[in-house]
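Participant: So the protein lines, in turn, are chains A and B.
Residue 89 in our numbering is what sits at position 89 of the first sequence, and the numbering runs on without skipping anything.
Residue 844 in our numbering is what sits at position 283 of the second sequence, and the numbering runs on without skipping anything.
Just so it is clear, CB atoms sit at the ideal spot from N, CA and C, and this is done for glycine as well.
Structure in C-alpha cells, see below.
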Amino acid sequence: MQPRERGSAQLIVGGAVALIAAALVLYPVFYLFQAAFDVGDPNVRPPTAYGLDNFLTLANYWEIMVNTLVVASAATVMALVFGFVAAWILTRTNVPMRGALEQLMAVPYYVTPLLGALAWSLLGSPESGFINQLWRAMGAKEALFDISGPLGIAWVMALFEGAVAFVMISAVMKSMDPALEEASQVMGAGRLRTMLRVTLPLVAPGVLGAAVYVFAEMLGSFSAALVLGSPNRFYVLTTAIYQLVSQYPPRMPLAAAMGVSLFVIMFGLVWLYRRLTLNRTYTTISGKAFRPRPMDVGPLRWLLFAVCAVYLFLSVFLPMATLVFASLQRLATALPAMSNFTLEHYTTAFSLNAVRSAMGNSLWLGLWTATIGIVLTGLIAWFIQRSKLPGRHVLEYIVMFPQAVPRLVFAFGMMWAWLVFPIPIYGTLWLLLIAYLTVFLPLGVRTISGVIVQLDRSLEECGEVCGANWFYRMRTITAPLLRPGLIAAWFLIFVASVRELGASILLMGPNSKVLTPAIVESFFSSSSELTAAMALIQTVVVGAAMLLFLVSTRRLSRIES
Amino acid sequence: MTAAPHIEVEDLVIRYGAVQAVGPVSFTVGAGEQMTLLGPSGCGKTTTLRAVAGLEKPYSGRIRVGGRVMFDGAANINLPAEERGLSMVFQSYAIWPHMTVFENVAYGLKVRRKSAAEIKERVREALALVKMEAFADRHASQLSGGQQQRVAVARACAFSPSVLLFDEPLSNLDAKLRGNMRIELRELQHRLGVTSLYVTHDLEEALAMSDQILVMNAGNIEQNGSPDAIYNCPRTTFVADFVGSSNLIRGKVLRDRSSADTVVIETDGGQVIHAATCGRQYGDTACLSVRTVHLDIADAASAPPQHPNRWPAKIERSVFLGDLTQIHVMWGGRELIIRRAGPQHWQEGQQIVLSADPAHCTLLEDN
Chain A
1 MQPRERGSAQ
11 LIVGGAVALI
21 AAALVLYPVF
31 YLFQAAFDVG
41 DPNVRPPTAY
51 GLDNFLTLAN
61 YWEIMVNTLV
71 VASAATVMAL
81 VFGFVAAWIL
91 TRTNVPMRGA
101 LEQLMAVPYY
111 VTPLLGALAW
121 SLLGSPESGF
131 INQLWRAMGA
141 KEALFDISGP
151 LGIAWVMALF
161 EGAVAFVMIS
171 AVMKSMDPAL
181 EEASQVMGAG
191 RLRTMLRVTL
201 PLVAPGVLGA
211 AVYVFAEMLG
221 SFSAALVLGS
231 PNRFYVLTTA
241 IYQLVSQYPP
251 RMPLAAAMGV
261 SLFVIMFGLV
271 WLYRRLTLNR
281 TYTTISGKAF
291 RPRPMDVGPL
301 RWLLFAVCAV
311 YLFLSVFLPM
321 ATLVFASLQR
331 LATALPAMSN
341 FTLEHYTTAF
351 SLNAVRSAMG
361 NSLWLGLWTA
371 TIGIVLTGLI
381 AWFIQRSKLP
391 GRHVLEYIVM
401 FPQAVPRLVF
411 AFGMMWAWLV
421 FPIPIYGTLW
431 LLLIAYLTVF
441 LPLGVRTISG
451 VIVQLDRSLE
461 ECGEVCGANW
471 FYRMRTITAP
481 LLRPGLIAAW
491 FLIFVASVRE
501 LGASILLMGP
511 NSKVLTPAIV
521 ESFFSSSSEL
531 TAAMALIQTV
541 VVGAAMLLFL
551 VSTRRLSRIE
561 S
Chain B
562 MTAAPHIEVE
572 DLVIRYGAVQ
582 AVGPVSFTVG
592 AGEQMTLLGP
602 SGCGKTTTLR
612 AVAGLEKPYS
622 GRIRVGGRVM
632 FDGAANINLP
642 AEERGLSMVF
652 QSYAIWPHMT
662 VFENVAYGLK
672 VRRKSAAEIK
682 ERVREALALV
692 KMEAFADRHA
702 SQLSGGQQQR
712 VAVARACAFS
722 PSVLLFDEPL
732 SNLDAKLRGN
742 MRIELRELQH
752 RLGVTSLYVT
762 HDLEEALAMS
772 DQILVMNAGN
782 IEQNGSPDAI
792 YNCPRTTFVA
802 DFVGSSNLIR
812 GKVLRDRSSA
822 DTVVIETDGG
832 QVIHAATCGR
842 QYGDTACLSV
852 RTVHLDIADA
862 ASAPPQHPNR
872 WPAKIERSVF
882 LGDLTQIHVM
892 WGGRELIIRR
902 AGPQHWQEGQ
912 QIVLSADPAH
922 CTLLEDN
C-alpha cells in the first residue's frame, strides 16, 4: 500500500485538466488584450508600445456602434415578444395541440440564424427576393420590404432567438405556483386584476433576465448580419471585426479593441443576468415544476393556435422550404418554369473538391471535438462539482468564460496567440480542433454538470468506502452513471462543431476548410442556389446525427428500464 | 462487558470554514460492540461518522481503528477512505443502479482482487445473510426500499470488514419495516461480531440496537453510556428532553434533608420532591427529570404509596393517543405530563393523588 501516491492520482489528473482548460481559455484572451493595447509598429510582435489609442480610434466608428445597438435592441424586443406571447399561450391557455406545439417551439433554435439569413435573403432582398418578386408581379412599383436593412437583420435574428426567449420565459411561468394566482382569485380579485397585480410582478424578474441574456446574445451574433448586412456595407460590431481582420491590410489592433469592448459589455450583461436570476427575492422557483391550470379562452384558442403556427411557419417552414425551392432551380425565381428545375447544384456540391473536403473536415472535427470534449469537460465538471480540489471555483469561472465572448472575438485571440506558438499549427485542422474544444467548454461542462448534480453523492462515496481508488471509481461508477449525460454532451458538441461559423471563419486555412464558412463563402462568391444546396446538405447531416442520438438514447433507456 | 477499544476517537474537531461543526469529541468503541451516535438533525453525528469513514476531513484530533492511525491532525495523516478498510451503509442505500444486485455486492471483493470463485461464494453468503439470494440478477431499479436496504447491508458485509458504519440506514423505510429491520440488523451484528458505529435520530432505534449510546447536541457529546443509563439516568436537560419525554422540575435544594444518594428540592409552588443523585453533585438549586411514564395517578381515596413523593393534584385534560393516554395534571401551579397505558377514566377537574418513586426522579447536572 502506498497511500500517498494513490491519493494524489486524483490531484494530478485534476491539476492537469485545470491547466489544460486554463491554457485553452486564458492564452488567447491574453493575446486579445495584448493586441488591443498594442500601439507600436504593427509589423512587430511582441508590441513595441502600449496605449489606449486603439480604443480612442473606436470613436470614429460610432456608426457601427449605433448599428449594433439598433439591431440588437430591435431584435431583442421582437424576440421577447415572440417568446413571451408563445410562453403565455403554451403555459397558460388551453390552446389546441399544446404538447406538440411546445415540442416544435425548440425547432427554430436548431434551424440556426445562418440558414434563416440565407433563406430570408432569398425571400426578402429588395430586387430578387421571392416575396418582393411576387409583390411586383401583383402590380406594385416598390419592394414590399428590404431584409438587408437593420430591421430585416433584427427580424431574422429575432425569429431564431425567439425560441430561446420562449424556453426561458416559459420556464419562469411554469415554475410559478398556481396557488399564488388562485389565492388572489379566492380573495375576490378578478382575472385581469390578478394578472396585473400578481402574475406580472412574479414573472417580471425572469422576463428581465431573459431580456438581458437575449440582448447579450444579439450583441455577439454574427451570421445574420454577415449574410444580410455586409453585401451592402451595413456593419455591426462582429461583422466589422471580421472585416477589419480579413481586409488588406488587416487592422488587427483596432479589431482587437473592438473585440475587447464587446467582450466587456457582454461580460457585464452576463454578470447582470446571473444576478437577476440568482438573487431572485421572489421565490417563484421552488424547485418543483408546476403545471399551471390553463385558462379556458373559448374560441379565441384557435386564434392563439394560429399565432404559434405563424411563428413556426416564418421561422422553420418558410426558410427550409425556400432553401429547398431555390436549391432545385437553375436560377432561383419566385415563379419558375418547369424547365428551370434541376438537381445540378447538389451534384456540383458533391463533386466540388472544396465542398467535399470541407464536409470531411467538418465531420472529422465534429467527431474529435465531441470525443475529446466529453472526456475533458466531463472531468472538469466532475472536479468542479465533486472534488475538494483547491481553486475549483476559479476553474468554473475560467471554463464558463468563452460563453460571454462572441466566438469570433475569441477566435481572434486564438489566431493571434497561435501565430506565435512555436509549433506551427496555424492554418491546420489542429488549430480548429483546439478552438472548438475551447469555445464549446461551457456547453460540455454545463450539460454534464447538470447530470452530475443529480447523482446522489453517496453512490461514489460508497465506492470509496468499499476500497476502490479514484480511477477505479471513475471507471466503474461515475462514468457508467453519467452515460446519458455524456452521450447528450457528445451530440450537442458534435452538432455545434459541424455548424460552427464564428471561430472557423477566422481560423481555417486554405487546406483546412470547414463546412459552414464554406457555405458563407459560396454565398458571397458563387450562386445562392448552390449555397442553398450546401446548407441543406449540412442540415441533413446534422439532422441525421440528431436522429441517431434520439434513437440511441431511446434504446438505452429502454434497456435500462 | 468492556472489550478492547477498536475505534478510538480523540479530541476530534471538524470545521466548515470558520464554523465549528463538531467537537472536540472523544470516544472509544470496544471490539465487537455497537455504538450509536444519537442526536437531532444538525448535531454533527453524521459528520463524525463520515470523518471516521474518511469522507470528511477533520480539522484536528486523532482517529485510530484497530490500532491503525486513520487521521492525525498533528502528524498530518489522513488516510483516504478507500484505504481505511471500513465499510458503510448509506442513508440513501447508494445501490448502484447500473449494476445487478450481484455486481453491487461483489464490488468490494472485486476491488480486493479476489478470485471469481471466491467472489461468487462470498456474495452468495452475504446475500443469504439478508435473505436476498433469489434477487442476485435483478437490477437495483427493480427492488423495493426494504430490499435495497438489505442489498446495501450485504454489500457492506461481503468483504468482511472489521468495522461497519451505518448512516441512518432505516430512516427511509416505513415504520413497520423499520421495526423489523432494527431487530434483523441487531442480530446480524451479533452474529458477525463486527464493531459498528451507528448514526440515528430515532430514540427507539438507538435503545434497541446499541451496546453504547453517545447522545450528541450542537457538535458536542451530551452523554455517553448504556441504553439503560441514558434512559434512566439522563445527565443533562437536553438528554432528558431528547431521550423520551420528561418533565423537568427545578427547585431549591433542601440541604438538611439531602445526602450523597438522595437530593430533596422544593419547587416555587412549594412542592417537595425526593430524587436520586446518580452520584452527581448539586448546588443550591437543582433540576430533576421525571419521565412521563414514571408518574402515577391514583384516586384521592386510594391507599398512599410507600415513599414520600406524593402530592394532591388536579386533572386538566386527558388525550387518547392509542397505545398510551397522555394526561395533563395541574401540580403546584404548573402542568405535568403523564403517559399511561391501558384504559384511563379520569375526568377534567378531578382531584387525584400524584406520586413518583424517588428512584425514578433523577438529578440532572446543572449546565
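#1: Examine chain A for any beta-carbon lying closer than 9 Å to the beta-carbon of B:Lys-618, and answer yes or no.
#2: Assign B:Pro-585 to one of three DSSP states: helix, strand, or coil.
#3: What residues from chain B crowd round A:Ile-477, counting only those whose CB sits closer than 7 Å?
#4: Could you check the C-alpha separation between B:Ala-697 and A:Val-17 for me, to the nearest Å?
#5: Using the Cα positions of B:His-889 and B:Asp-845, report the straight-line distance between them to the nearest angstrom.
#6: For B:Arg-673, return the contacting residues in chain A, with the cut-off set at a CB-CB distance below 7 Å.
#7: Can you tell me whether DSSP reads B:Val-880 as helix, strand or coil?
#8: Kindly indicate which residue of B:Phe-720, B:Gly-894, B:Ala-769 and B:Arg-611 has the alpha-carbon position closest to the one of B:Lys-675.
#9: Let me check understanding here. Comparing Cα to Cα, which of A:Phe-313, A:Leu-432 and A:Ala-35 lies closest to A:Ala-503?
#10: Starting from the Cα of B:Glu-617, find the closest Cα among B:Cys-604, B:Ala-790 and B:Tyr-577 and give me that residue.
#11: Among A:Leu-506, A:Leu-515, A:Ser-458 and A:Phe-421, which one has its Cα closest to the Cα of A:Leu-352?
#12: Comparing the C-beta of B:Met-649 with each C-beta of chain A, is any distance below 9 Å?
#13: Grab me the residues of B:Gln-908's own chain with a C-beta within less than 7 Å of its C-beta, minus the 5 sequence neighbours each way, in chain order.
#14: Mind checking if B:Gly-615 is an interface residue toward chain A, Cβ cutoff 9 Å exclusive?
#15: Roughly how many angstroms lie between the CA atoms of A:Val-270 and A:Glu-217, to the nearest whole one?
#16: Drop a sphere of 10 angstroms on the beta-carbon of A:Val-394, count the other beta-carbons inside from all chains shown, and report buried for 16 or more, exposed for fewer.
#17: Any idea if A:Tyr-50 is buried or exposed, counting beta-carbon neighbours within 10 angstroms, 16 or more meaning buried?
#18: If we count the other Cβ atoms within 10 Å of its Cβ and call it buried at 16 or more, is A:Leu-343 buried or exposed?
#19: Below 8 Å on the Cβ atoms is my guess for B:Val-691 versus B:Ala-715; work out the distance and round it to an integer in Å.
#20: Less than 9 Å between the C-beta atoms of A:Leu-122 and A:Leu-323, yes or no?
#21: Using a C-beta cutoff of 9 Å, does A:Leu-459 count as contacting chain D?
#22: Taking the straight line between their C-alpha atoms, what separation do you get for A:Asp-41 and A:Leu-56?
#23: Nearest chain B C-beta to A:Lys-388 closer than 9 Å, yes or no?
#24: Is it a yes or a no for the stretch 114 to 129 of chain A touching the stretch 227 to 238 of chain A, going by three-plus beta-carbon pairs under 8 Å?
#25: Helix, strand or coil for B:His-889? Go by DSSP, reduced to three states.
#26: Comparing alpha-carbon positions, which option in A:Leu-437, A:Tyr-397 and A:Glu-396 lies nearest A:Met-414?
#27: Distance cutoff 9 Å, beta carbons only. Does B:Tyr-759 sit that close to anything in chain A?
#28: Return the CA-CA distance between A:Ala-23 and A:Glu-521, expressed in angstroms with no decimal places.
#29: Hey, would you say A:Ile-448 sits closer than 9 Å to A:Leu-482, going by beta carbons?
#30: Would you grab the beta carbon distance between B:Ile-575 and B:Pro-619 for me? Rounded to a whole angstrom, and I think it's under 8 Å.
#31: Look up B:Arg-625 in the DSSP assignment and give the residues it is bridged to.
#32: In whole angstroms, what is the alpha-carbon distance linking A:Val-95 and A:Gly-15?
#33: Is there a Cβ from chain B that is less than 9 Å from the Cβ of A:Gly-463?
#34: Provide the residue span of the beta strand (DSSP E) that contains B:Asp-860, from first to last.
#35: Using beta-carbon positions only, say whether A:Tyr-235 and A:Val-167 come within less than 9 Å of one another.
#36: 9 Å is my cut-off, CB to CB: does A:Leu-115 come that close to chain B?
Facilitator: Judging by the given coordinates:
#1: The count along the second sequence starts at 1 and reaches residue 618 of chain B at position 57. Taking Cβ atoms only, chain A reaches closer than 9 Å to B:Lys-618, which makes this a yes.
#2: In the second sequence, counting from the first residue as 1, residue 585 of chain B sits at position 24. Strand, per DSSP.
#3: Position 477 of the first sequence, counted from the start, is the residue given in the question as residue 477 of chain A. Near A:Ile-477 (Cβ distances below 7 Å), the residues of chain B are Trp-657.
#4: Numbered from its first residue, the second sequence carries residue 697 of chain B at position 136. Numbered from its first residue, the first sequence carries residue 17 of chain A at position 17. Answer to the nearest angstrom: the Cα atoms are 39 Å apart.
#5: Position 328 of the second sequence, counting from 1, holds the residue named residue 889 of chain B. Position 284 of the second sequence, counting from 1, holds the residue named residue 845 of chain B. Going from the Cα of B:His-889 to the Cα of B:Asp-845 covers about 29 Å.
#6: Within the second sequence, residue 673 of chain B is the residue found at index 112, counting from 1. The contacting residues are Gly-467.
#7: Within the second sequence, residue 880 of chain B is the residue found at index 319, counting from 1. Under the three-state reduction of DSSP, B:Val-880 is assigned to strand.
#8: For the purposes of this step, residue 675 of chain B is taken as residue 114 along the second sequence, with counting starting at 1. Here the closest residue by C-alpha is B:Phe-720.
#9: Residue mapping note: residue 503 of chain A aligns to position 503 of the first sequence, counting from 1. Closest by C-alpha distance to A:Ala-503, out of A:Phe-313, A:Leu-432 and A:Ala-35, is A:Leu-432.
#10: Indexing the second sequence from 1 puts residue 617 of chain B at position 56. Nearest of B:Cys-604, B:Ala-790 and B:Tyr-577 to B:Glu-617, Cα basis: B:Tyr-577.
#11: As a position in the first sequence, residue 352 of chain A is number 352, starting the count at 1. Taking A:Leu-352 as reference, the option from A:Leu-506, A:Leu-515, A:Ser-458 and A:Phe-421 with the minimal CA-CA separation is A:Leu-515.
#12: In the second sequence, counting from the first residue as 1, residue 649 of chain B sits at position 88. Cβ-Cβ to chain A under 9 Å: yes for B:Met-649.
#13: Taking the second sequence and counting its residues from 1, one reaches residue 908 of chain B at position 347. Same-chain partners within the cutoff: Ile-876.
#14: The residue labelled residue 615 of chain B in the question sits at position 54 within the second sequence. By this cut-off, B:Gly-615 is an interface position.
#15: What you label residue 270 of chain A is simply residue 270 of the first sequence in a count that begins at 1. What you label residue 217 of chain A is simply residue 217 of the first sequence in a count that begins at 1. Cα to Cα, the separation comes out at about 10 Å.
#16: Position 394 of the first sequence, counting from 1, holds the residue named residue 394 of chain A. By the 10 Å Cβ count, A:Val-394 comes out exposed.
#17: Your numbering for residue 50 of chain A matches position 50 in the first sequence. Exposed, by the Cβ-count rule.
#18: The residue given as residue 343 of chain A occupies position 343 in the first sequence. Exposed, because fewer than 16 other Cβ atoms sit within 10 Å of the Cβ of A:Leu-343.
#19: Start at 1 with the first residue of the second sequence, and residue 691 of chain B comes out as number 130. Start at 1 with the first residue of the second sequence, and residue 715 of chain B comes out as number 154. With a Cβ gap of about 5 Å, B:Val-691 and B:Ala-715 count as contacting.
#20: For the purposes of this step, residue 122 of chain A is identified with residue 122 of the first sequence, where counting begins at 1. For the purposes of this step, residue 323 of chain A is identified with residue 323 of the first sequence, where counting begins at 1. Yes; because the gap between Cβ atoms is below 9 Å, this pair is in contact.
#21: Going by chain labels, chain D is absent from the structure shown, which instead holds the protein chains A and B.
#22: As a working mapping, residue 41 of chain A is identified with position 41 in the first sequence. As a working mapping, residue 56 of chain A is identified with position 56 in the first sequence. Those two C-alpha atoms are separated by around 17 Å.
#23: The residue you call residue 388 of chain A lines up with position 388 of the first sequence. Taking Cβ atoms only, chain B reaches closer than 9 Å to A:Lys-388, which makes this a yes.
#24: yes
#25: Translated into positions along the second sequence, residue 889 of chain B becomes position 328. DSSP, read as helix, strand or coil, puts B:His-889 in strand.
#26: For the purposes of this step, residue 414 of chain A is taken as residue 414 along the first sequence, with counting starting at 1. If we check each option's Cα against that of A:Met-414, A:Leu-437 comes out closest.
#27: By 1-based counting over the second sequence, the position of residue 759 of chain B is 198. Proximity of B:Tyr-759 to chain A, defined by a Cβ-Cβ separation below 9 Å, is not satisfied.
#28: Reading the first sequence from its first residue, position 23 is the one you call residue 23 of chain A. Reading the first sequence from its first residue, position 521 is the one you call residue 521 of chain A. Those two C-alpha atoms are separated by around 31 Å.
#29: If you number the first sequence from 1, residue 448 of chain A lands on position 448. If you number the first sequence from 1, residue 482 of chain A lands on position 482. The answer is yes: Cβ separation under 9 Å.
#30: The residue given as residue 575 of chain B occupies position 14 in the second sequence. The residue given as residue 619 of chain B occupies position 58 in the second sequence. The beta-carbon separation of B:Ile-575 and B:Pro-619, rounded to 5 Å, stays under the 8 Å limit for a contact.
#31: Residue numbering aside, residue 625 of chain B sits at position 64 when the second sequence is read from its first letter. Within the DSSP secondary-structure output, B:Arg-625 pairs in a beta bridge with B:Glu-569 and B:Val-630.
#32: Within the first sequence, the letter at position 95 stands for residue 95 of chain A. Within the first sequence, the letter at position 15 stands for residue 15 of chain A. Between A:Val-95 and A:Gly-15, the C-alpha separation is close to 53 Å.
#33: Locating residue 463 of chain A in the first sequence gives position 463, counting from the first residue. So yes, A:Gly-463 belongs to the interface.
#34: Counting from 1 along the second sequence, the entry for residue 860 of chain B is found at position 299. Unbroken beta strand (DSSP E) run through B:Asp-860: 856 to 860.
#35: Translated into positions along the first sequence, residue 235 of chain A becomes position 235. Translated into positions along the first sequence, residue 167 of chain A becomes position 167. For the pair A:Tyr-235 and A:Val-167, the CB atoms are not nearer than the 9 Å cut-off.
#36: Locating residue 115 of chain A in the first sequence gives position 115, counting from the first residue. Not one chain B Cβ lies under 9 Å of A:Leu-115.
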